[in-house]
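These protein sequence lines map, in sequence, to chains Z and H. No gaps in the numbering here: position 98 of the first sequence is 98 in this note's numbering, and each next residue is one more. Each number in this note's numbering corresponds to the 1-based position in the second sequence with 1000 added. Just so it is clear, CB atoms sit at the ideal spot from N, CA and C, and this is done for glycine as well. Notes to accompany the following structure.
There are 2 protein chains.
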Amino acid sequence: MNPAEAEVAAARKAQRKKEKSKKRKDSAATAEEGAIHEKKQKQRKEEDEGEEQAGPKRKPTVSIAVAGSIIDNAQSLELATLLAGQIARAATVFRIDEVIVFDSSPVVENGGVGDGEESGAMFLVRILEYLETPQYLRRRLFPMHKNLKFVGLLPPLDAPHHLRKHEWSVFREGVTLEGDRSKGTLVDVGLSKNVLVEQILEPGKRVTVAMGTNRDLTTACVRKVVSPSTSTEEMGSYWGYKVRYASNLSGVFKNSPFEEGYDHIIGTSEHGETISSSELTLPSFRHLLIAFGGLAGLEESIEEDTNLKGKRANDVFTYYLNTCPNQGSRTIRTEEALLISLQYFQEPIRRAG
Amino acid sequence: MNPAEAEVAAARKAQRKKEKSKKRKDSAATAEEGAIHEKKQKQRKEEDEGEEQAGPKRKPTVSIAVAGSIIDNAQSLELATLLAGQIARAATVFRIDEVIVFDSSPVVENGGVGDGEESGAMFLVRILEYLETPQYLRRRLFPMHKNLKFVGLLPPLDAPHHLRKHEWSVFREGVTLEGDRSKGTLVDVGLSKNVLVEQILEPGKRVTVAMGTNRDLTTACVRKVVSPSTSTEEMGSYWGYKVRYASNLSGVFKNSPFEEGYDHIIGTSEHGETISSSELTLPSFRHLLIAFGGLAGLEESIEEDTNLKGKRANDVFTYYLNTCPNQGSRTIRTEEALLISLQYFQEPIRRAG
């Protein structure tokens, strides 16, 4: 190396160091954001548990966990958005109760989308929450954000709780409003008038309102906020998924919103065991979790998780399954694996139920 | 209506008439293009049959038919391209032998993508063919076309016949080249040198070359062109899908590349019968066809097909099945239905085989 070359090399090294330090700061910010998100979720969990005790016996639930890293591999914000839309659609088609997005640990440096400010996992959480929210509540619940730029391209989820203005439904999603709390709380449920509920609730909270069959929209008819699962339990209709952020794979298992945790945890992988769907017998469950890895699979997520040090897939998962043997492509993408595997599990889940 | 309004209305009417006549011309052009495409396919079919007689007994095949109208509903060329990519991926993952894209009949007016010059079905055919072709042959086989503008965004199919330059394989896809025909034909198979095959073939034709295990790439080693299905039959590896255009649904059934036609034709629809995958018994078959409708379903495709006048789904299909009961979304998109249904049919197909 001549002196000129050496100088260039030194400058490059300094530049790399600077970038690395910046990235570290960014990822610290992201980790902090993630921690805040996890804390908020814990709060919500406690609220939900309060509701749970009051409500009737719950139906068995199915949760899916998805690696947020799939977003980091998308080529553009638009493609990342479309990918997130596919995940949301798959969860809805198969009536999934909870979607957990797990981050890479340590948080991936300069995580892909939008200047590395938000990791792929945080991005996916945002889009999933946005899409699950009925259209008429989005403006109130989601402040403008650059990562929502392309959501207009996405096909709607068309879930039963995404009601139009003229549709009557025994339950309706709403958001609590500001104003006089002397008689209860006004809620915007996407109808021509806001409705009154008896509970005193802070404004800006998403709630499920039992609308009943009385179509009187004056405040003379006082309604009630109920647990979001009431519609599913009483009417059997799917009422959307909850979204949860986990900073790594072990966070998926540990911070379950269900007091009793998950009964069985299934991992999906082309390295998993091949059992035909008709021959798979799942024990009965209250809370089932099915995990999907990213580009490098769940093995990679285990390896990079310090809480799972030395563990292998068979230690972590109750079942580790290959749901698509004889695949004609060398790879199955996570968004494809979701539809393929959730269809595979339909019958075993029904039989276990 | 006052006189001014009447004038405006008359002008609008004239404009609409003009547009309609233009559209009619466009759709005539598209229909003609479609007819040429169908004729070419017939030619190819005859060639294939020639090959078929010489080859060993063929494996059972699975074909899928997809409504081209799904492309017309895409919001942009980019989204249409991504959708086509999803269809190609689904076909590859499930080792589909033939993808038939059926147009609307009469050809849909101003069919969506790219100034209405090409119907959604023709567009889908082009992208499917492009993606199925190994990367190293695309430049020779696909002239530049504006509808290929966004193919760079698509994830690769990663099929076994999509080989890299350094990979050796007993079979390899190639394209015949110009030049001296005295000793045979030179073929570009994507290796560092072109190889010589004994057959005298016209240039620019896609062929499958039996490369064997002798890695001699000089013209001293003369190879042979074989039927594309040879690799599947001898090695069991998936070797891509063929693509066929049909001007309407009945064209899917009538112009089968298999002399004996399709043994069973399955239609998928949310109005179909609900049978669980484990309980579905398909009779054994040589050629199975599974059809997927567009936004309005297969019923609509039957209704608009003059050759199927007065027929109902149960008259047209051997089985008419709902492969995803209890769906949590009001709609299942065709690209989702492909993965869901092909997974559903995996076991019944294996049992029938």
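1. Just to confirm my understanding: we take leucine 1128 (chain H), look at its own chain, exclude 5 residues before and 5 after, and list those with CB closer than 6 Å. What are they?
2. Could you compute how far the alpha carbon of lysine 1165 (chain H) sits from the alpha carbon of glycine 1190 (chain H)?
3. I need the DSSP call for glycine 1251 (chain H), collapsed to helix, strand or coil.
4. Nearest-angstrom Cα distance between valine 62 (chain Z) and asparagine 1255 (chain H)?
5. Suppose only complete runs of 3+ residues qualify. What are the beta strand (DSSP E) ranges in the region 1114-1180 of chain H, listed by chain order?
6. Quick one, which residues of the region 277-296 of chain Z are near chain H if we go by CB-CB under 8 Å, in chain order?
7. Would you mind sorting valine 222 (chain Z) into buried or exposed? The rule is 16 or more other CB atoms within 10 Å of its CB.
8. Residues in the same chain with beta-carbon distance under 8 Å from threonine 1232 (chain H), minus the five sequence neighbours each way, listed in chain order, please.
9. At 3 residues or longer, what runs of the beta strand (DSSP E) sit wholly inside the region 177-260 of chain Z?
10. Kindly list, in the order they appear in chain H, the residues whose Cβ is closer than 7 Å to that of glycine 251 (chain Z).
11. Does the distance from the CB of threonine 1219 (chain H) to the CB of leucine 1196 (chain H) come in under 7 Å?
12. Applying a beta-carbon distance threshold of less than 8 Å, which residues of chain Z neighbour arginine 1089 (chain H)?
13. Okay, do the region 196-216 of chain Z and the region 170-180 of chain Z touch, 3+ Cβ pairs below 8 Å being the bar?
14. For chain H, is any of its Cβ atoms less than 7 Å away from the one on tyrosine 238 (chain Z)?
15. Whether or not the region 274-290 of chain Z and the region 300-308 of chain Z are in contact is what I'm after, with contact meaning three or more pairs of Cβ atoms, one per stretch, closer than 8 Å; do they touch?
16. Taking only beta-carbon atoms, is threonine 92 (chain Z) less than 7 Å away from chain H?
17. On the three-state DSSP scale, how would you describe phenylalanine 317 (chain Z)?
18. Can you list, in chain order, the residues of its chain whose CB lies under 7 Å from that of asparagine 1314 (chain H), leaving out five sequence neighbours each side?
19. Hey, out of H:Asp1305, H:Lys1193, H:Arg1140 and H:Asn1326, whose CA is closest to glycine 1272 (chain H)'s CA?
20. By Cβ distance below 8 Å, which residues in the same chain neighbour histidine 1145 (chain H) in space, the five residues on each side in sequence not counted?
21. Over what stretch of residues does the alpha helix (DSSP H) that includes phenylalanine 268 (chain Z) continue unbroken?
22. So within the region 280-333 of chain Z, which uninterrupted beta strand (DSSP E) runs reach at least 3 residues, ignoring any that extend past its ends?
23. Cβ of serine 329 (chain Z) within 7 Å of Cβ of valine 1093 (chain H)?
24. Quick check: the Cα distance between glutamine 86 (chain Z) and leucine 154 (chain Z), rounded to an integer number of angstroms?
25. Do valine 1252 (chain H) and phenylalanine 1102 (chain H) have their beta-carbon atoms positioned less than 7 Å apart in this structure?
26. Pull up the distance between the alpha-carbon of serine 1247 (chain H) and that of glycine 1120 (chain H), whole angstroms please.
27. With 16 as the cutoff for other CB atoms within 10 Å, does glutamate 1343 (chain H) come out buried or exposed?
28. Any beta carbon of chain Z sitting closer than 7 Å to that of isoleucine 1349 (chain H)?
29. Should alanine 1080 (chain H) be flagged as near chain Z, meaning a C-beta pair shorter than 7 Å?
30. Quick check: is the beta carbon of aspartate 1103 (chain H) nearer than 7 Å to any beta carbon in chain Z?
31. Quick one: which unbroken alpha helix (DSSP H) runs of 4-plus residues sit fully inside the region 1055-1104 of chain H? Chain order, please.
32. In chain Z, which residues lie less than 8 Å from proline 1155 (chain H) when you measure between Cβ atoms?
33. With a CB to CB cut of under 7 Å and the five nearest residues on each side skipped, what residues in its chain are close to glutamine 135 (chain Z)?
34. Taking C-alpha atoms, which residue in Z:Ala159, Z:Lys149 and Z:Phe292 lies nearest to isoleucine 64 (chain Z)?
35. So for serine 1276 (chain H), helix, strand or coil by DSSP?
36. Can you list the residues of chain H that aspartate 158 (chain Z) reaches, using a CB-CB cut of under 8 Å?
According to the structure shown:
1. Here leucine 1128 (chain H) has Ala1088, Val1099 and Val1243 as same chain residues with Cβ atoms under 6 Å from its own Cβ, once five neighbours each way along the sequence are excluded.
2. So the alpha carbons of these two residues sit roughly 6 Å apart.
3. In the displayed model, glycine 1251 (chain H) falls within a helix according to three-state DSSP.
4. C-alpha of valine 62 (chain Z) to C-alpha of asparagine 1255 (chain H): approximately 45 Å in a straight line.
5. Within the region 1114-1180 of chain H, the complete beta strand (DSSP E) segments at least 3 residues long are 1171-1176, listed from N- to C-terminus.
6. Within the region 277-296 of chain Z, Ser277 and Ser278 place their CB atoms closer than 8 Å to a CB of chain H, listed in sequence order.
7. So valine 222 (chain Z) counts as exposed.
8. Only Lys1059, Tyr1238 and Trp1239 meet the Cβ criterion.
9. Entirely contained in the region 177-260 of chain Z, the beta strand (DSSP E) runs reaching 3 residues are, in chain order, 185-188, 195-197, 206-210, 222-226 and 242-246.
10. Going along chain H, no residue has its Cβ under 7 Å from glycine 251 (chain Z), so there is no contact; the nearest lies around 26 Å.
11. Their beta carbons are under 7 Å apart, which means threonine 1219 (chain H) touches leucine 1196 (chain H) by this criterion.
12. Ser329, Arg333 and Glu336, listed in chain order.
13. Touching, yes, given that three or more Cβ pairs across the two stretches are closer than 8 Å.
14. True, the Cβ-Cβ gap to chain H drops below 7 Å.
15. Contact fails: fewer than three Cβ-Cβ distances are below 8 Å.
16. With 7 Å as the cut-off, threonine 92 (chain Z) counts as an interface residue toward chain H.
17. Secondary structure at phenylalanine 317 (chain Z): coil, using DSSP grouped into helix, strand and coil.
18. Excluding positions up to five away in sequence, the list reads Tyr1320.
19. Among H:Asp1305, H:Lys1193, H:Arg1140 and H:Asn1326, the Cα nearest to that of glycine 1272 (chain H) belongs to H:Asn1326.
20. Cβ within range, chain order: Arg1126.
21. Residue 268 (chain Z) is actually threonine in this sequence, not phenylalanine. Unbroken run through threonine 268 (chain Z) is the beta strand (DSSP E), 264-273; no alpha helix (DSSP H).
22. Listed in chain order, the complete beta strand (DSSP E) runs (minimum 3 residues) inside the region 280-333 of chain Z are 287-292 and 319-321.
23. Yes.
24. Cα to Cα, the separation comes out at about 9 Å.
25. The answer is yes: Cβ separation under 7 Å.
26. Spanning the two alpha carbons is a distance of roughly 11 Å.
27. The sequence shown places glutamine at residue 1343 (chain H), rather than the glutamate named in the question. Label assigned to glutamine 1343 (chain H): buried.
28. Chain Z, which has no Cβ nearer than 7 Å to the Cβ of isoleucine 1349 (chain H), makes this no.
29. Not closer than 7 Å to any Cβ of chain Z, the Cβ of alanine 1080 (chain H) fails to qualify, so no.
30. Look at aspartate 1103 (chain H): its C-beta is not under 7 Å from any C-beta on chain Z.
31. Taking only runs of at least 4 residues, the alpha helix (DSSP H) segments lying wholly in the region 1055-1104 of chain H are 1069-1072 and 1077-1093.
32. In chain order: Arg333.
33. For glutamine 135 (chain Z), the CB contacts under 7 Å within the same chain, skipping 5 residues up- and downstream, are His162 in chain order.
34. Considering only alpha carbons, the answer is Z:Phe292.
35. Under the three-state reduction of DSSP output, serine 1276 (chain H) falls in the coil class, being neither helix nor strand.
36. Against chain H, a Cβ distance below 8 Å from aspartate 158 (chain Z) picks out Ser1329, Arg1330 and Thr1331.
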